[in-house]
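Novice: Residues 154 to 593 (the working numbering) make up the sequence shown, in order.
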Amino acid sequence: MRNWLKNENVQMTAVAMATAIGAQFKINPFQEDYFRIGLGVSILLFLLMIMPHLSYVKTGILTGIVSFIVQSVDLLYDVNSMSVLESLHDNIGAGIYYIVFSYGLSKFKNRFHEIQPLLLGGLITCVDFSSNLIELFIRGVLNGTSIFDMREWLYLLVVGGLRSYFISGLYNSIAVRQMRLMHAEQEKRMEQMLSVNSGLYGEVFYLKKAMKTIEDITADSYDLYRDLRKQDMNQYSQRTLGIAQQIHEVKKDSQRILAGLLKLYDSEKAVNMSLSEVLSFAVKGNLKYAEMLDKRIQIQMEQQYDCDSPFYIPLLTVMNNLIANAVEVIELEGTIRIQVYGQDEDVHFTVIDSGKGIPEAKRNIIFEPGYTTKFNQAGIAATGIGLSHVRDIVQSLEGHITVKFAEKSGQGTAFDVSIPKRNLIKGAELENTIRADQNL
Numbered sequence: 154m155r156n157w158l159k160n161e162n163v164q165m166t167a168v169a170m171a172t173a174i175g176a177q178f179k180i181n182p183f184q185e186d187y188f189r190i191g192l193g194v195s196i197l198l199f200l201l202m203i204m205p206h207l208s209y210v211k212t213g214i215l216t217g218i219v220s221f222i223v224q225s226v227d228l229l230y231d232v233n234s235m236s237v238l239e240s241l242h243d244n245i246g247a248g249i250y251y252i253v254f255s256y257g258l259s260k261f262k263n264r265f266h267e268i269q270p271l272l273l274g275g276l277i278t279c280v281d282f283s284s285n286l287i288e289l290f291i292r293g294v295l296n297g298t299s300i301f302d303m304r305e306w307l308y309l310l311v312v313g314g315l316r317s318y319f320i321s322g323l324y325n326s327i328a329v330r331q332m333r334l335m336h337a338e339q340e341k342r343m344e345q346m347l348s349v350n351s352g353l354y355g356e357v358f359y360l361k362k363a364m365k366t367i368e369d370i371t372a373d374s375y376d377l378y379r380d381l382r383k384q385d386m387n388q389y390s391q392r393t394l395g396i397a398q399q400i401h402e403v404k405k406d407s408q409r410i411l412a413g414l415l416k417l418y419d420s421e422k423a424v425n426m427s428l429s430e431v432l433s434f435a436v437k438g439n440l441k442y443a444e445m446l447d448k449r450i451q452i453q454m455e456q457q458y459d460c461d462s463p464f465y466i467p468l469l470t471v472m473n474n475l476i477a478n479a480v481e482v483i484e485l486e487g488t489i490r491i492q493v494y495g496q497d498e499d500v501h502f503t504v505i506d507s508g509k510g511i512p513e514a515k516r517n518i519i520f521e522p523g524y525t526t527k528f529n530q531a532g533i534a535a536t537g538i539g540l541s542h543v544r545d546i547v548q549s550l551e552g553h554i555t556v557k558f559a560e561k562s563g564q565g566t567a568f569d570v571s572i573p574k575r576n577l578i579k580g581a582e583l584e585n586t587i588r589a590d591q592n593l
């Protein structure tokens, strides 16, 4: 049944029938004339605009034939004294109108969404008026009546204009609604993509550091093997060589994983994104995170600086983790303030929470690898990227991160990230450096 409804011939027949039936709701604008204006044209115009996949010319021909038959039968029924030939003369013009009208629309059917609404209404009005003139001409030739009546022409132009602008306005309102829905869906997908890429970027940093560690361990193991061999400690030297070989295999596996991650990361890379967009995505994601944790948290934005940056993924990774940390340290309810401002040659990103704060004695170690204050009920430490990796990402952009007590509230923690403006705005040389590091 569904496939049958998708058949274009069935759809064209349905359009023709709907137009013919709608044409029965009509008015006769000219006295002692069978020229009629009905809803058929409006129905045909609307259906053609929302169904651009149909052949307009074929649909117009089929609509003209069906309309001609329906109107002829209706006219013969209403006017008993009229002959079949007279009925044909009076209705053949209406059938040709639909053919000409559909042909005119076909000339710009694929550009409905591109043409400015007022211009689109004007073009349709011209097609409608031209089709009406051709119908009048055919009626005049067949019935021997004059078509040169400026009053009638003006009436047709006004009616055609009202009809065209009303239907094109209806079409544009539907198109705007669809665009909004598409935009909302695209924004949702963008949030998902950025969330994945943000996490992926952090994992790449993990793996890059691990690769460097693995390389150092491999080199140290091999040096130890050579030293033991020189001292004729063959049993230990062979075991050390075996360890070095196993570590080398781990290194090769890690290289393959890193190459795959970098390929995924690069495939989704866009050109630029503004800081306001980055912050918007970070705030939305962490508000959902707070809801998931059953916390009532308000996130306040104070943005005084904005620019487009090619490094939106590193920035999003940093902001996501700082805001997420702030969400986690707030027990049930609280406030997170995000400040973005320019100062001299730097851009500052400050995240201030209303949590308990970090003791001064621990502020020097919170950026050390492995440090965490978050444990689950089983006593297992959290597996986030950690402040050490946030610091590494910031330093890759030649920036700095510091922590201090929130001054205004008297409690909580304030993390301040400063990054040179030149690295955010241009960053071409820096990007090449980062890519070179990723290829290690």
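Just so it is clear, CB atoms sit at the ideal spot from N, CA and C, and this is done for glycine as well.
Owing to the predicted nature of the structure, the values given are computational and were not obtained by experimental measurement.
My output table needs one value for Pro467: the three-state DSSP class, helix, strand or coil.
Specialist: Residue state, collapsed to three classes: helix.
Novice: Which term fits Gln224, buried or exposed, when burial requires 16 or more other beta carbons within 10 angstroms of its beta carbon?
Specialist: By the neighbour-count rule (16 or more Cβ atoms within 10 Å), Gln224 is buried.
Novice: Tell me where the alpha helix (DSSP H) around Lys574 begins and ends.
Specialist: First-last of the alpha helix (DSSP H) with Lys574: Lys574 to Ile578.
Novice: I'd like to know whether the C-beta atoms of Ser255 and Val311 end up nearer to each other than 8 Å.
Specialist: Their beta carbons are not under 8 Å apart, which means Ser255 does not touch Val311 by this criterion.
Novice: Can you list, in chain order, the residues of its chain with a C-beta nearer than 7 Å to that of Ile214? Leave out the 5 residues immediately preceding and following it.
Specialist: Same-chain partners within the cutoff: Ile252.
Novice: How many Å lie between Ser220 and Tyr465 at the Cα?
Specialist: Roughly 59 Å between the two C-alpha positions.
Novice: Could you spell out the range, first to last residue, of the beta strand (DSSP E) harbouring Ile505?
Specialist: Element bounds for Ile505: Asp499 to Asp506.
Novice: Would Asn425 and Pro467 be called neighbours here (beta carbons separated by less than 8 Å)?
Specialist: Contact flag unset, no.
Novice: Kindly list the residues whose CB is nearer than 6 Å to the CB of Gly637, restricted to its own chain and excluding five residues on each side of it in sequence; keep chain order.
Specialist: Since the first residue shown for the chain is 154 and the last is 593, residue 637 is missing from the structure and cannot be characterised.
Novice: For the alpha helix (DSSP H) that contains Lys437, what are its first and last residues?
Specialist: Leu428 to Met445 is the span of the alpha helix (DSSP H), which, as asked, contains Lys437.
Novice: Have a look at Gly257 and Trp306 and give me their C-alpha separation to the nearest angstrom.
Specialist: If you take the alpha carbons of Gly257 and Trp306, they lie about 19 Å apart.
Novice: For Tyr458, which of helix, strand or coil comes out of DSSP?
Specialist: Reduced to three states, the DSSP call for Tyr458 is coil.
Novice: May I have the straight-line CA-CA distance separating Asp376 from Ser541, to the nearest angstrom?
Specialist: C-alpha separation (whole angstroms): 30 Å.
Novice: If you reduce the DSSP assignment to three classes, tell me which class Phe319 lands in.
Specialist: Helix, per DSSP.
Novice: Could you tell me if Thr172 is buried or exposed, where buried requires 16 or more neighbouring beta carbons within 10 angstroms of its beta carbon?
Specialist: It counts as buried.
Novice: In the DSSP output, what is Gln399 paired with across the bridge?
Specialist: Partner(s): none; Gln399 has no beta bridge.
Novice: Does the pairing of the stretch 498-508 with the stretch 476-490 give three or more beta-carbon distances under 8 Å?
Specialist: At 8 Å Cβ cutoff, the stretches touch.
Novice: Helix, strand or coil, according to DSSP, for Asp385 in the structure here?
Specialist: Asp385 falls in the coil class under three-state DSSP.
Novice: On the three-pair Cβ rule with 8 Å, is the stretch 488-499 touching the stretch 448-455?
Specialist: Contact holds: three or more Cβ-Cβ distances are below 8 Å.
Novice: Distance check for Glu551 and Arg544, CA to CA, integer angstroms please.
Specialist: Those two C-alpha atoms are separated by around 10 Å.
Novice: Given this structure, state the Cα-to-Cα distance separating Phe265 from Met202, to the nearest angstrom.
Specialist: Spanning the two alpha carbons is a distance of roughly 7 Å.
Novice: Asn285: buried (16+ other C-beta within 10 angstroms of its C-beta) or exposed?
Specialist: Flag for Asn285 reads buried.
Novice: Buried or exposed: Val168, going by 16 or more other Cβ atoms within 10 Å of its Cβ?
Specialist: Result: buried.
Novice: Within a Cβ cutoff of 6 Å, which residues of the same chain sit near Ile287, ignoring the five residues on either side of it in sequence?
Specialist: Counting only Cβ-Cβ distances below 6 Å, and skipping sequence neighbours, we find Val253.
Novice: Based on the DSSP output, what are the partners of Val556 in its beta bridges?
Specialist: The partner list for Val556 (beta bridge, DSSP) reads Phe568.
Novice: Could you tell me whether the Cβ atoms of Met204 and Gln164 are closer together than 8 Å?
Specialist: Result yes, Cβ atoms of Met204 and Gln164 sit closer than 8 Å.
Novice: With H, G and I counted as helix, E and B as strand and the rest as coil, what does DSSP make of Gln224?
Specialist: Correct three-state label for Gln224: helix.
Novice: Measuring straight from C-alpha to C-alpha, what distance separates Pro573 and Val431?
Specialist: Going by the C-alpha atoms only, they are around 17 Å apart.
Novice: Measuring CA to CA, which of Leu192, His206, Ile249 and Phe199 is closest to Thr216?
Specialist: It is Ile249.
Novice: Which whole-angstrom value describes the C-beta separation of Ala435 and Asn478, a residue pair presumed to lie in contact below a C-beta threshold of 8 Å?
Specialist: Contact flag wrong, Cβ pair sits at about 12 Å.
Novice: Would you kindly work out how many angstroms separate the C-alpha atoms of Phe568 and Leu475, rounded to a whole number?
Specialist: Those two C-alpha atoms are separated by around 8 Å.
Novice: Helix, strand or coil, according to DSSP, for Ile450 in the structure here?
Specialist: In the structure shown, Ile450 sits in a strand (DSSP, three-state: E or B).
Novice: Beta strand (DSSP E) containing Arg490: first to last residue?
Specialist: Element bounds for Arg490: Glu486 to Gln496.
Novice: Could you check the C-alpha separation between Asn529 and Tyr389 for me, to the nearest Å?
Specialist: Summary for Asn529: the model assigns pLDDT 45, below 50, so the residue's position carries little reliability; its value from the coordinates is reported in the next sentence. Cα-Cα distance, rounded: 41 Å.
Novice: So which of Gly495, Val556 and Ala372 has the shortest CA-CA distance to Tyr126?
Specialist: As shown, the chain starts at 154 and ends at 593. That puts residue 126 outside it, with no answer to give.
Novice: Since Glu368 and Lys404 should fall inside the 8 Å C-beta cutoff, what is the C-beta to C-beta distance between them, to a whole number of angstroms?
Specialist: At roughly 7 Å, the Cβ-Cβ gap stays under 8 Å, so Glu368 and Lys404 are in contact.
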